[in-house]
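Chemist: Sequences listed follow chains A and B, in order.
Count along the first sequence from 1, add 73, and you get the number used in the working numbering.
Count along the second sequence from 1, add 240, and you get the number used in the working numbering.
The C-beta atom is built at its ideal place from N, Cα and C for all residues, glycine as well.
Bear in mind the structure is a predicted one, so any value in this text is a computation, not a measurement.
To start, I am sharing the structure in question, which I have written as structure tokens.
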Amino acid sequence: MANIRPQDMGKPSEQLCKIENLMPLPAPYDKPGMEPDFSTPKDAWKDTYCTSLDGFVGNETLVRPKTKEEEEAMVKQFLTGLERLFSDETNRNYLQPLMLSFEYCAKCNTCSEACHVFKASGEAEIYRPIFRSEVMRKIAKKHFGGGGLLSKFAGGDIDINFETIFRLGELAYRCNLCRRCAQTCPLGLDNGLLARELRKVFSMEMGIAPKPLHEKGSMLQLKTGSSTGITREAFLDMIEFLEEDIYERTGKQYKIPVDKKGADILLTHNAGEYMAWPENPAAFAIIFEEAGLDWTLSSELLGYDNVNYGLFYDDAQSRKSVLVK
Amino acid sequence: MLLTVFIYASIIAFIGISLYKAYQYAKMPMHGRWELYPVPKEPGEKGHYGGSYYEDLEWWNKPRQVSHSGEIIDMMKEMLFIKNLFVNQRHQWWLSYALHLGIYLLGLWTVLLAVGAVMELSGIPLTTAEGVSASFAASMVYYITFISGSVGALLVAFGSISLFLKRMFNETFSKYTTPQEYFNLFFIFAVVISGLMVWSADPGFNYGREIMKGLFTFSPIQADGALTAHIILLGVLLIYIPQTKMSHYVGKYFAFHKILWDNEPNLRNSKMEEVIKGAISYKPKASWSAPHIKPPAPAPKDEK
Chain A
74 MANIRPQDMG
84 KPSEQLCKIE
94 NLMPLPAPYD
104 KPGMEPDFST
114 PKDAWKDTYC
124 TSLDGFVGNE
134 TLVRPKTKEE
144 EEAMVKQFLT
154 GLERLFSDET
164 NRNYLQPLML
174 SFEYCAKCNT
184 CSEACHVFKA
194 SGEAEIYRPI
204 FRSEVMRKIA
214 KKHFGGGGLL
224 SKFAGGDIDI
234 NFETIFRLGE
244 LAYRCNLCRR
254 CAQTCPLGLD
264 NGLLARELRK
274 VFSMEMGIAP
284 KPLHEKGSML
294 QLKTGSSTGI
304 TREAFLDMIE
314 FLEEDIYERT
324 GKQYKIPVDK
334 KGADILLTHN
344 AGEYMAWPEN
354 PAAFAIIFEE
364 AGLDWTLSSE
374 LLGYDNVNYG
384 LFYDDAQSRK
394 SVLVK
Chain B
241 MLLTVFIYAS
251 IIAFIGISLY
261 KAYQYAKMPM
271 HGRWELYPVP
281 KEPGEKGHYG
291 GSYYEDLEWW
301 NKPRQVSHSG
311 EIIDMMKEML
321 FIKNLFVNQR
331 HQWWLSYALH
341 LGIYLLGLWT
351 VLLAVGAVME
361 LSGIPLTTAE
371 GVSASFAASM
381 VYYITFISGS
391 VGALLVAFGS
401 ISLFLKRMFN
411 ETFSKYTTPQ
421 EYFNLFFIFA
431 VVISGLMVWS
441 ADPGFNYGRE
451 IMKGLFTFSP
461 IQADGALTAH
471 IILLGVLLIY
481 IPQTKMSHYV
491 GKYFAFHKIL
501 WDNEPNLRNS
511 KMEEVIKGAI
521 SYKPKASWSA
531 PHIKPPAPAP
541 KDEK
């Protein structure tokens, strides 16, 4: 669909937007053959997940309902969640920032130039920071305003149907909450915050949140104490492995300092690095050792895993994660 | 006399509804920390490069340093010059700043009309049968009123209609503009045009000072059809503005001072500690429904 407007979120279309003009990657990936593989979405996903936004699936728990009744129930659940978002009983922690960003946007579009998702997508309209926010505003104005002439006058001119809500569940995850938009906003408003508020409706009301954040993120953290499931012993094993790996690759024997008392620098990595990208902590170790710095890692839980996945999508989970610490 | 009462009512409504809006935001529950660096009240270089007290060793044992001047300077840059728009979207700034500068100049014009009216009521006329008064103070008030009023009105007219047209004809802007947003800009334009029509018959704004005198002495205002229409339009605009997002003069304060720039630490025995204790002791009367928040009730046991 060309020339997309926020009102088009609920329009029937197999795929609202095709991402075709991705920004060229920076060096060294701009050389022929250097560009990483880009796997196209599988056709079978269409039946199970929401591919009707941009063809991609970022939220695998957002599953296409089997019946019309289930679709209607999903819309109803979303609207109940929206009401909870605007309530000072259920959204005490974020009501004030939500209301400000909801109410005062002048749509001056300054944020678009600051958004790397929008720019890198070749300026796909659905990724414009105010697109998602405006869809949310239109739904809320229609739902709370009754859908009459006055609410249309204020901008509540959107179909609140299953497709609108389903696509919004994906669109809420086309933002990495970097808040560059808020940094440039002349009114100090925050489209990242609104994206997060939408994620809260899906997660806290409908139980829909991407597995890496929820099931394998905050839930695992609440169960084992660590989002990666790494215990202290496993962490110490990992450090030993890193030392051996560095030796094999460079021929240099480093002793990575752990729990060194009185060190100048306590280095804390993102916990996922140890599991998924151990070369990153290894690179830090080499640089810090070669620079002769007085540094240490910590084998305490807060020292090697202080992530709070709840911050990305769910207030209840973020509060619980803090309590675990 | 009705016009006098209406003007008072619209001014009171503008101030009253704006204050009520501020009160509504101020009484909202304490929100989670959501500051965004750089925070200009951080002293010295920290306020510029995005640092904070967290960089200091044992910051919790040191006296909290806050640069009020840094905060005020940044605030003034934003209020007086719309700095963020100037830096990040210059094309839009020219139009938006014309509108806002025009409003500021009309604010100054209103004050000077009041000053002129008080002077005339005190026996210091701004104009005589020969023209502008020879008195330095009186002529200064007369000319600055003339410049601020005329330039302000022209800027507001240009800003409002150019923003209106941009929203209409720029493909991106038109997608996101609601009917109300078009109406708001056009309403401002219509009010200024009605004002410019009245002004064209009396470029020295003597009618403005007469209105002020009527307000100060609570006496009837002499107004022809054009002036009556302008007063009514302006009054309705004043009542309307604080009920819309044009009241961003209220919202902007909270967005910057209470969210983006609020990084007050929670120290022992501090005021913040009290606020947080109060906030966490609140027991919400409702909750969300997802299974990880409200686990489904266990199925009733089959009692046979």
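(1) Under 8 Å between C-beta atoms, does His288/B make it to chain A?
(2) Consider the Cβ of Ala374/B: report whether some Cβ of chain A lies at a distance smaller than 8 Å.
(3) Need the endpoints of the alpha helix (DSSP H) that Trp350/A sits in, please.
(4) So, is Ser174/A buried or exposed, given that buried needs 16 or more other C-beta atoms within 10 angstroms?
(5) Is any non-hydrogen atom of the ligand HEM found closer than 7 Å to the C-beta of Ala268/A, if you look at the structure I gave you?
(6) Please state the DSSP three-state secondary structure of Gly392/B.
(7) Residue range of the alpha helix (DSSP H) that Arg305/A falls in?
(8) Starting from Trp349/B and walking both ways along the alpha helix (DSSP H), at which residues does that stretch end?
(9) Can you pull out the residues from the segment 288-310 of chain B whose beta carbon lies closer than 9 Å to at least one beta carbon of chain A?
(10) How is Thr368/B classed by DSSP in three states: helix, strand or coil?
(11) Does the beta carbon of Pro170/A come closer than 8 Å to any beta carbon on chain B?
(12) Between which two residues does the alpha helix (DSSP H) containing Cys181/A stretch?
(13) Straight-line CA distance for Ala336/A to Leu370/A?
(14) Would you kindly work out how many angstroms separate the C-alpha atoms of Ser391/A and Glu198/A, rounded to a whole number?
(15) Indicate whether at least one CB of chain B lies closer than 8 Å to the CB of Lys284/A.
(16) Phe429/B and Ser390/B: beta carbons closer than 8 Å?
(17) Does Phe413/B come within less than 8 Å of chain A when only Cβ atoms are used?
(18) Would you call the segment 152-165 of chain A and the segment 270-287 of chain A in contact, with 3 or more CB pairs under 8 Å?
(19) Should Cys254/A and Pro202/A be called a contact, given that it needs their Cβ atoms to be closer than 8 Å?
(20) In angstroms with no decimal places, state the Cα-to-Cα distance between Pro280/B and Asp103/A.
(21) First and last residue of the alpha helix (DSSP H) that includes His216/A?
(22) Do the segment 409-423 of chain B and the segment 357-375 of chain B meet, that is, are 3 or more Cβ pairs less than 8 Å apart?
(23) Could you work out which residue in Val395/A, Trp368/A, Phe385/A, Ala389/A is closest to Asn379/A when comparing CA atoms only?
(24) The segment 265-276 of chain B: which residues have C-beta closer than 7 Å to a C-beta of chain A, in chain order?
(25) Note down, in chain order, all residues in the segment 139-151 of chain A with a beta-carbon under 7 Å from any beta-carbon belonging to chain B.
(26) So which residues on chain A does Phe496/B lean against when the C-beta distance must stay under 9 Å?
(27) What residue from Ala146/A, Lys84/A, Glu145/A, Ala100/A has the CA that sits closest to Ser125/A's CA?
(28) I believe Gly342/B touches Val431/B by the beta-carbon criterion, under 8 Å. Please report the beta-carbon distance rounded to the nearest angstrom.
(29) Checking contacts by CB at 8 Å: is Tyr522/B closer than that to chain A?
(30) Can you check whether the C-beta of Thr237/A is within less than 8 Å of a C-beta belonging to chain B?
(31) Quick one: using the 10 Å Cβ neighbour count with 16 as the cut-off for buried, is Ala377/B buried or exposed?
(32) Under the DSSP definition of a beta bridge, which residues are partnered with Trp368/A?
(33) Using the C-alpha atoms, what's the distance from Lys211/A back to Leu250/A?
(34) Since Leu478/B and Ile251/B should fall inside the 8 Å C-beta cutoff, what is the C-beta to C-beta distance between them, to a whole number of angstroms?
Modeler: In short:
(1) To locate residue 288/B, count along the second sequence from 1; it is residue 48. No, no contact with chain A.
(2) Position 134 of the second sequence, counting from 1, holds the residue named residue 374/B. Closer than 8 Å: no.
(3) Position 277 of the first sequence holds residue 350/A. Here Trp350/A belongs to no alpha helix (DSSP H), and DSSP marks it neither H nor E.
(4) Looking up residue 174/A in the first sequence gives position 101. Buried, by the Cβ-count rule.
(5) This structure does not include the ligand HEM; it has no bound ligands of any sort.
(6) On the second sequence, residue 392/B is found 152 positions in, with the first residue counted as 1. Correct three-state label for Gly392/B: helix.
(7) Here residue 305/A corresponds to residue number 232 of the first sequence, with the count starting at 1. Start and end: 305-323.
(8) Walking along the second sequence from the start, residue 349/B turns up at place 109. 330-361 is the extent of the alpha helix (DSSP H) around Trp349/B.
(9) none
(10) Here residue 368/B corresponds to residue number 128 of the second sequence, with the count starting at 1. DSSP places Thr368/B in strand when its eight states are reduced to three.
(11) Numbered from its first residue, the first sequence carries residue 170/A at position 97. Chain B, which has a Cβ nearer than 8 Å to the Cβ of Pro170/A, makes this yes.
(12) Start at 1 with the first residue of the first sequence, and residue 181/A comes out as number 108. Per DSSP, Cys181/A belongs to no alpha helix (DSSP H) and is neither H nor E.
(13) Residue 336/A sits at position 263 when you count from the first residue of the first sequence. Residue 370/A sits at position 297 when you count from the first residue of the first sequence. Distance between the alpha carbons of Ala336/A and Leu370/A is about 10 Å.
(14) Working through the first sequence from its first residue, we reach residue 391/A at position 318. Working through the first sequence from its first residue, we reach residue 198/A at position 125. Approximately 31 Å, taken between the alpha carbons.
(15) On the first sequence, residue 284/A is found 211 positions in, with the first residue counted as 1. It does not: the Cβ of Lys284/A has no partner Cβ on chain B nearer than 8 Å.
(16) Numbered from its first residue, the second sequence carries residue 429/B at position 189. Numbered from its first residue, the second sequence carries residue 390/B at position 150. No. Outside cutoff.
(17) Looking up residue 413/B in the second sequence gives position 173. Yes, Phe413/B lies at the interface with chain A (some Cβ there is under 8 Å from its Cβ).
(18) yes
(19) Translated into the one-based positions of the first sequence, residue 254/A becomes position 181. Translated into the one-based positions of the first sequence, residue 202/A becomes position 129. Contact: yes.
(20) Start at 1 with the first residue of the second sequence, and residue 280/B comes out as number 40. Start at 1 with the first residue of the first sequence, and residue 103/A comes out as number 30. Distance between the alpha carbons of Pro280/B and Asp103/A: 39 Å.
(21) In the first sequence, counting from the first residue as 1, residue 216/A sits at position 143. Here the alpha helix (DSSP H) through His216/A covers 202-218.
(22) no
(23) Counted from its first residue, the first sequence places residue 379/A at position 306. If we check each option's Cα against that of Asn379/A, Val395/A comes out closest.
(24) Tyr265, Met268, Pro269, His271, Gly272, Trp274, Leu276
(25) none
(26) Position 256 of the second sequence, counted from the start, is the residue given in the question as residue 496/B. Result: Leu260, Gly261.
(27) By 1-based counting over the first sequence, the position of residue 125/A is 52. It is Lys84/A.
(28) Reading the second sequence from its first residue, position 102 is the one you call residue 342/B. Reading the second sequence from its first residue, position 191 is the one you call residue 431/B. Incorrect: roughly 12 Å between the Cβ atoms, too far for contact.
(29) Walking along the second sequence from the start, residue 522/B turns up at place 282. True, the Cβ-Cβ gap to chain A drops below 8 Å.
(30) Translated into the one-based positions of the first sequence, residue 237/A becomes position 164. So no, Thr237/A is outside the interface.
(31) Walking along the second sequence from the start, residue 377/B turns up at place 137. Exposed.
(32) Along the first sequence, one-based indexing puts residue 368/A at 295. Per DSSP, Ile338/A.
(33) Within the first sequence, numbered from 1, the residue matching residue 250/A stands at position 177. Within the first sequence, numbered from 1, the residue matching residue 211/A stands at position 138. Looking at the two C-alpha atoms, the distance is approximately 22 Å.
(34) Numbered from its first residue, the second sequence carries residue 478/B at position 238. Numbered from its first residue, the second sequence carries residue 251/B at position 11. Confirmed, Cβ separation roughly 7 Å.
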